[in-house]
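K.L.:
What follows is a single structure, and I will ask about it in a moment.
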Amino acid sequence: MKEITNRSAIIVSPKHPFVEWANLYNESSNEDINQRLEENHIYLIDWAYDEEIDHVISQYYSKIFEYELSSWNSIKKEWPQNMSYELFREWFECRVSNDLFDLETEAIESEKL
Numbered sequence: 009m010k011e012i013t014n015r016s017a018i019i020v021s022p023k024h025p026f027v028e029w030a031n032l033y034n035e036s037s038n039e040d041i042n043q044r045l046e047e048n049h050i051y052l053i054d055w056a057y058d059e060e061i062d063h064v065i066s067q068y069y070s071k072i073f074e075y076e077l078s079s080w081n082s083i084k085k086e087w088p089q090n091m092s093y094e095l096f097r098e099w100f101e102c103r104v105s106n107d108l109f110d111l112e113t114e115a116i117e118s119e120k121l
């Protein structure tokens, strides 16, 4: 096991307003959407030890908001007009973790989105 010492994580969970919006663009069964909406997304960021959670999230919310919306609807005209930090916090629950551990022996792989 290795401790990841140069990253923190923002854990993002959808709240009811986002679920309502996502339901407008759902093409799957209710069971599929419920399963997808129960998943948390985890975003790795620069290490954020001793920083206020709101400050950390406010630095990254725009990118996270865009990804979360695009995962349901890629047509930006149909996204909320005012994608403010306040709206983001109304739509998503966020937590920050500084304790990250890699339990695998192989290197982490990534690809650009």
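Using the working numbering, the first residue of the sequence shown is number 9, and each one after it goes up by one.
Even for Gly, the Cβ is constructed at its ideal location relative to N, Cα and C.
Which of the three DSSP states is assigned to isoleucine 83 in this structure?
P.N.:
Indexing the sequence shown from 1 puts residue 83 at position 75. In the structure shown, isoleucine 83 sits in coil (DSSP, three-state: anything other than H, G, I, E or B).
K.L.:
Answer yes or no: do tyrosine 68 and asparagine 106 have a C-beta to C-beta separation smaller than 7 Å?
P.N.:
The count along the sequence shown starts at 1 and reaches residue 68 at position 60. The count along the sequence shown starts at 1 and reaches residue 106 at position 98. In this structure, asparagine 106 does not lie closer than 7 Å to tyrosine 68 by Cβ.
K.L.:
Does DSSP classify proline 25 as helix, strand or coil?
P.N.:
Here residue 25 corresponds to residue number 17 of the sequence shown, with the count starting at 1. Helix at proline 25.
K.L.:
Let's see if you can read the secondary structure: which residues bound the alpha helix (DSSP H) around leucine 77?
P.N.:
By 1-based counting over the sequence shown, the position of residue 77 is 69. Residues 61-78.
K.L.:
Take the Cβ of alanine 115 as the centre, count every other Cβ of all protein chains shown within 10 Å, and call the residue buried at 16 or more, exposed below.
P.N.:
Walking along the sequence shown from the start, residue 115 turns up at place 107. Exposed, because fewer than 16 other Cβ atoms sit within 10 Å of the Cβ of alanine 115.
K.L.:
I'd like to know if the stretch 24-31 and the stretch 47-64 are in contact, where contact means that at least 3 CB-CB pairs between them fall below 8 Å.
P.N.:
Judged by Cβ distances under 8 Å, the stretch 24-31 makes no contact with the stretch 47-64, as fewer than three pairs qualify.
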